[in-house]
Amino acid sequence: MTSPQLPPNAYTDAPQQHPNLILGSLQLLFWLVFRPSALLNHLKRIDPILDTDSTLIILLRQGRWRNLALRRLLIQGYFTLSIMANLLLGLVLWMSGEPIANIAFRMALSVLIGVAVGVVLNVAAFGVALSLVFSLAFSLAFGTVFGLVVGVVLGVGMTINSWRTFLCFPFLTVWNYLLYRLDKIRNGKSPCLLRYHSAFWDEWQRLDLRGLDKHLLLIIENNPVEGQAALKYLSISPQSWAVQAVQIELDVRSLESCKNMKDIRQVNDNLIFGESLTSKFLDDALNHITIHNQRLALRLFVDHLHEYLPNFGEKYDFRFRSIAKSWREIILDYVEELAKVTELRQVIDSPYIIGVPVTEEQKIFMGRNDIGTRIEQLLRDRRRPPLLLYGQRRMGKTSLLNNIGKLLPSNIIPMFVDLQGAPSSASDHAGFLYNLAREMEKSAKKQGVTLPSLAREVLKSDPFTSFYEWLDKVEQALEQNTALLALDEFEVLDNAIAKGRFDEQDVLGMLRHLIQHRPRFKILLAGSHTIEEYQRWASYLINVQVVHISYLKEAEARQLIERPVKDFTLRYEPNAVERVLQLTRCHPFLVQLLCAEIIVLKNEQDPYIRRLATLADVEAAIPEALQSGGFFFADIQNNQVDATGQAILRFIAAQGEGATVSRQTLLQQFPDANVTFSLLLQRELIEEVDDGYGFQVELIRRWFV
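For reference, each letter of the sequence shown is one residue, going 852 to 1556 in the numbering used here.
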């Protein structure tokens, strides 16, 4: 149903025919020449089951002539239009001196011939057009060379839409511009003159009607209902370019209109054509529990703002630079407000990262210089051995890989790939290699190296051959640098191979080929299991060198406790620091877990004692740390040890803090536990003390009590 705010018959391919016989006939002729879709929709209204390929004779035999609307159409198409055309032609002939009697005879005969042609043709536009053309052709043919005239008229009539668009284009340009100027003078008042624009009635025009986008914007600004109707109509027309241009302009205006953080966060809801990632990244940043990490994430967002804004091409570069400048000011002002609120409330910002790896941009990563040195030494080994970064869960393997570029020379380009993500989730080899290449490309870009792209389509027919060809291009892009392909959580890829999603020989053979035949590539695996626990890997990656990542050094752990970031406002009593070291044994995750809970506890205290942590504060934070870190401890209990191992850990834990249990006592309790002891030692849960065993980490012991 037509909206009351829209003029009738506007922005539609199914306009109503004028009720007047003459005007309706002229409208029919207009549709025939300019808007065939309107004519077809008119036929459907007359009779929904009308077969437009049927001849007039067949329709008469079927009794369809009883349809008054159909009779009206036939009269208009075969009689009225033919008579009107011949009357006009007759007037021209009379003015040229032709006798009236001859003119009348030729007109009558021409109309009859036109109708006869229409009777044997279909009732659609083709039949009406040929009827009219033949009528005019015969009228002109009298007294001339008959065949030549008929041929010329037929040729002109049947090819009109192939040359008319070019011939009329200059005139339509002027017409459309005048409509735009008039609408601008009227401020786009409804009903708008836009509906008379040739884009809405000349369906044969394939050339871009320049200025249409400006006209649409004018109407949208002043008459949104009519403007949206026009956009909807044009979106599936040859002038759809104008719709895209308008939508881009509206999107840019939405981005420009942002005046505060709320506007920026909600801007994605207002975009039509483009997609801004700003809302998602801002939400992620502001969802951090601590104000410190919110500020850190917001500053990171500002540094990479150009990556989050949509890209609409060079035409909009200047405006996007202006948008980025405005947004930076808004966001940085908000960051400063957060800092003022923190200081006013004497709140301690927590810089600690719990449950997720520390990224390169987060300043809390520290230490591990010895591991960086060891990796560098092995990378320089001429034998090019594959490396395994091994350590228990939450020991900081992924954080190290995220930050390994800081620990290695600049000519080694880390390419970090998390196998828990897209690569191992792929359904086939092409998907695996595509995701692997994409992660390598993204990681290298962070190091300032641009790698060639690898399209998914290229991998479909012969994925591994195409991947090797891509690696040839990567080696050229590396120039004199060396690539360190760091594959985190290799156990996940092993599970995918075990399930049959990937072929062992193809995937692991590809890694072996990299090691043996591409000296510019070094392979580093990371996981909480040894290669020996996965025999298929051991057979492909011979001479693996293990780099063990364990607890922080004491100096590193002290810095993480006392000075995790610049301007950290919490101070510790010396015995409080010692107690944190005792409870965590410098385990990086547990240090952060316990210190984060200490900050939560301190922020609940009176301001005058808030910024000094005591031994009592450390003890009070232990139960909260055990609860909030439950996912870490539960993973040890459920995924890293079996039932016998759990029983042994509970037995030792029950003996108290710092207690050890002799091997003889444990074997009396658990006679067949020799293999389990080895596993618990390998998982770094217990350690040998003289002739017995005790927990390595006090917080883990408390979990098993």
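Beta carbons: idealized from backbone N, C-alpha and C, even for Gly.
In this text the structure is predicted, and so the values were computed from the model without any measurement.
Any non-hydrogen atom of the ligand FAD within 6 angstroms of Gln878 CB: Of the ligands one can find in the structure shown there are none, so the ligand FAD has no counterpart to examine.
Residues near Val1186 by beta carbon distance below 6 angstroms, same chain, minus five either side: Beyond the five residues adjoining it in sequence on each side, Val1186 comes within less than 6 angstroms, by CB distance, of Arg1146 and Leu1149 in the same chain, given in chain order.
Burial state of Leu1044 (16 or more Cβ within 10 Å): With 16 or more Cβ atoms within 10 Å of its Cβ, Leu1044 is classed as buried.
Given Ala1050 as reference, the closest of Ser1041, Pro1042 and Leu1082 once Cα atoms are compared: Checking every option, the nearest Cα to that of Ala1050 belongs to Leu1082.
Span separating the alpha-carbon of Ile1487 from that of Leu1444: For Ile1487 and Leu1444, the distance between alpha carbons rounds to 16 angstroms.
Beta-carbon proximity of Ala1472 to Glu1448, cut-off 7 angstroms: The Cβ-Cβ distance between Ala1472 and Glu1448 falls below 7 angstroms.
Beta-carbon contacts of Leu1156 that lie in its chain and below 7 angstroms, excluding the five residues immediately before and after: For Leu1156, where only same-chain residues beyond five positions count, the Cβ hits under 7 angstroms are Ala1175, Trp1178 and Arg1179.
Cβ neighbours of Ser1275 in the same chain (closer than 7 angstroms, five flanking residues each side left out): Here the set comprises Val1343, Leu1344 and Ala1347.
DSSP state of Glu1535 mapped onto helix, strand, coil: If DSSP states are grouped into helix, strand and coil, Glu1535 belongs with coil.
CA-to-CA distance, Glu1424 to Lys1453, given in whole angstroms: Answer to the nearest angstrom: the Cα atoms are 14 angstroms apart.
Identified DSSP bridge partners for His1399: In the DSSP output, where bridge partners are listed per residue, His1399 has Tyr1241.
Residue from Gln867, Arg1430 and Arg1552 whose Cα sits closest to the Cα of Thr1465: Residue nearest to Thr1465 within the set Gln867, Arg1430 and Arg1552 is Arg1430 (criterion: CA-CA distance).
Continuous alpha helix (DSSP H) stretch holding Met1266: start and end: Careful: Met1266 lies outside any alpha helix (DSSP H), inside the beta strand (DSSP E) at Ile1263 to Asp1269.
Continuous alpha helix (DSSP H) stretch holding Thr1301: start and end: That residue, Thr1301, is in no alpha helix (DSSP H); it is neither H nor E in DSSP.
Residue nearest to Val1153 in terms of C-alpha spacing, selected from Gln1117, Met1112 and Phe1163: The candidate whose alpha carbon is nearest that of Val1153 is Met1112.
Cβ neighbours of Arg1501 in the same chain (closer than 7 angstroms, five flanking residues each side left out): Closer than 7 angstroms at Cβ, skipping near neighbours: Phe1555.
Other residues of its chain near Asn1332: CB distance less than 6 angstroms, five sequence neighbours each side excluded: Counting only Cβ-Cβ distances below 6 angstroms, and skipping sequence neighbours, we find Asn1262 and Ile1264.
For Val1451 and Glu1475, believed in contact at Cβ under 8 angstroms, the rounded distance: Indeed, because the Cβ distance is near 7 angstroms, the residues count as touching under 8 angstroms.
Residues of its chain near Arg1244, where Cβ-Cβ distance is below 8 angstroms and the 5 sequence neighbours each way are ignored: Sequence-distant partners of Arg1244 (beyond 5 residues in either direction) whose C-beta falls short of 8 angstroms from its own C-beta, in its chain, are Ser1379, Phe1483, Asp1486, Ile1487 and Gln1491.
Counted within 10 angstroms of its Cβ, other Cβ atoms place Gln1056 as buried (16 or more) or exposed: So Gln1056 ends up on the buried side.
Contact check, Ser1105 vs Asn1074, beta carbons under 7 angstroms: No, these two residues do not count as a Cβ contact at 7 angstroms.
Leu987 (DSSP reduced to helix, strand or coil): At Leu987, the pLDDT of 45 sits below 50, so the modelled position is not reliable and the matter cannot be decided from this model.
Residue of Lys1404, Tyr1385, Ser1401 and Tyr1402 minimising C-alpha distance to Val1395: When each option's Cα is compared against that of Val1395, the closest is Tyr1385.
Assigned exposure category for Lys1248 - 16 Cβ within 10 Å defines buried: Buried.
For Phe1372, the residue or residues it bridges with in DSSP: BP columns for Phe1372 point to Ala1334.
Where Leu890 sits in the DSSP three-state scheme: Here Leu890 sits in helix by DSSP.
Beta-carbon gap between Leu1376 and Met1266 smaller than 7 angstroms: The answer is no: Cβ separation not under 7 angstroms.
Distance, Ile1374 Cα to Pro1237 Cα: Their Cα atoms are separated by approximately 5 angstroms.
Neighbour-count burial assignment, Glu1077, 16 or more Cβ in a 10 Å radius: By the C-beta density criterion, Glu1077 is buried, having at least 16 other C-beta atoms within 10 angstroms.
From Ala1505, Leu1069, Leu1063 and Asp1114, residue whose alpha carbon lies closest to that of Gln1090: That would be Leu1063, whose Cα lies nearest to the Cα of Gln1090.
Whole-Å CB distance - Leu1030 paired with His1048, under 8 angstroms assumed: Leu1030 to His1048, Cβ: 6 angstroms. Contact.
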